[in-house]
Amino acid sequence: MDLYESKRLYQKVAAELKKRIADHEYAVGDRLPAERLIAEEMNVSRTVVREAIIMLEVEGLVDVRKGSGIHVVGTEVRYQQALPESADDDEFLTAGPFELLQARQLLESNIAEFAATQVTKQDILALQAIQETAQKEDRARDSQWDKEFHIQVAKATQNSVLVTLVEKLWQHREQNPYWRKLHEHIDDRAMESWCEDHEQILKALMRKDPKAAKLAMWQHLENTKQMLFQATTIDDDLVDDRYLFSENPVVHLIRA
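Now the structure itself:
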């Protein structure tokens, strides 16, 4: 099986696991092999396996129990993803959650860098107001303040195209069923760190420091990636998977 023929690796891995479930190689009640073993067998990263498992979980085939593994709970797909209205929508709806996050990390870190050179007093006041709202809320999962903050940073570039790009990514983030399933594994208290990260981004913008703004946004989304990855970790061994998130060479130079 050549996994690299697939447009998206996680879909190919999920298809292979579904076939094994349908063929009763893994029966209802059985525990799937450890994530690490699946990754080694199929010669893919653990991030790809993680996205494949999330897909199976959304479809009602497996149940992920932190600390006890992945258990088969069904042999037939219970959830059928709606057909996209266009090819562009298909690209977003079928994207893995970590793939979407990677796109945001690459795009929004550069947007923050440019925003630091264009930001106005009104932009700063708007961001401060969002932060004040966040401090008052209980930081419930997917709070509106998180989305508003990232879109407002894009607005600080004074470039409507960049704003539209960020809005579109957030729209598809909210619609993507795999992202929604991923978020079910997050402890609400962990959301507090996002507000703290936002504060570092805001401070860099207030100083009009492009390098610091880029680094703060990159680190914020890196922290988010790590949080989500750890929230869905089901194996006991430690994970160091940089398949989708290798270090940004520009940020690396900033740190030097």
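As numbered in the numbering used here, residues 1109 to 1364 make up the sequence shown, in order. Cβ coordinates follow ideal geometry from the N, Cα and C atoms, glycine included.
- In the three-state reduction of the DSSP assignment, R1154 falls in the helix class.
- The shortest C-alpha to C-alpha distance from G1182 to any of E1207, I1238 and R1128 is the one to R1128.
- If you ignore the 5 residues before and after R1173, its C-beta comes within less than 7 Å of the C-beta of H1179, all in its own chain and listed in chain order.
- In the DSSP assignment, the residues bridged to R1173 are G1177.
- Excluding five sequence positions before and after E1256, the CB atoms of its chain that fall closer than 6 Å to its own CB belong to I1238, given in chain order.
- Checking the DSSP bridge columns, you'll see R1139 partnered with H1179.
- Annotated three-state conformation of E1282 is helix, per DSSP.
- Within its own chain, the residues whose Cβ lies closer than 6 Å to the Cβ of A1262, once the five positions on either side in sequence are excluded, are I1219, L1270, V1271 and V1274, listed in chain order.
- The beta-carbon separation of K1322 and S1217, rounded to 5 Å, stays under the 8 Å limit for a contact.
- Note that the C-beta distance between A1224 and C1303 is not below 7 Å.
- The Cβ neighbour count for V1136, taken over all protein chains shown within 10 Å, is under 16; the residue is labelled exposed.
- In the pairwise beta carbon analysis, the stretch 1306–1325 is classified as not touching the stretch 1273–1287: fewer than three pairs are separated by under 8 Å.
- Linking K1126 to L1164 through their CA atoms gives a straight-line distance of about 8 Å.
- Looking from the CA of L1233, the closest CA among Q1338, T1265, Q1260 and Q1210 belongs to Q1260.
- A distance below 7 Å between beta-carbons, with the five flanking residues on each side excluded, links T1265 to the following residues of its chain, in chain order: I1219, F1222, A1223 and Q1226.
- In the displayed model, D1317 falls within coil according to three-state DSSP, outside both helix and strand.
- When the five nearest sequence neighbours on each side are left out, the beta carbons in the same chain lying within less than 6 Å of the beta carbon of P1285 are those of V1166, in order along the chain.
- A1130 and V1157 have their C-alpha atoms spaced approximately 19 Å apart.
- Burial is judged here by how many other beta carbons sit within 10 angstroms of a residue's own beta carbon; E1159 has at least 16 and is buried.
- In its chain, beyond the 5 residues on either side, L1329, T1332 and K1333 have a beta carbon closer than 7 Å to the beta carbon of L1209.
- Under the three-state reduction of DSSP, A1203 is assigned to coil, being neither helix nor strand.
- By the Cβ-count criterion, H1132 is exposed, with fewer than 16 other Cβ atoms from all chains shown falling within 10 Å of its own Cβ.
- Our two residues, M1299 and D1138, have alpha carbons roughly 33 Å apart in a direct line.
- Residue state for H1132 is assigned as coil, using DSSP reduced to three classes.
- By the Cβ-count criterion, Q1213 is buried, with 16 or more other Cβ atoms from all chains shown falling within 10 Å of its own Cβ.
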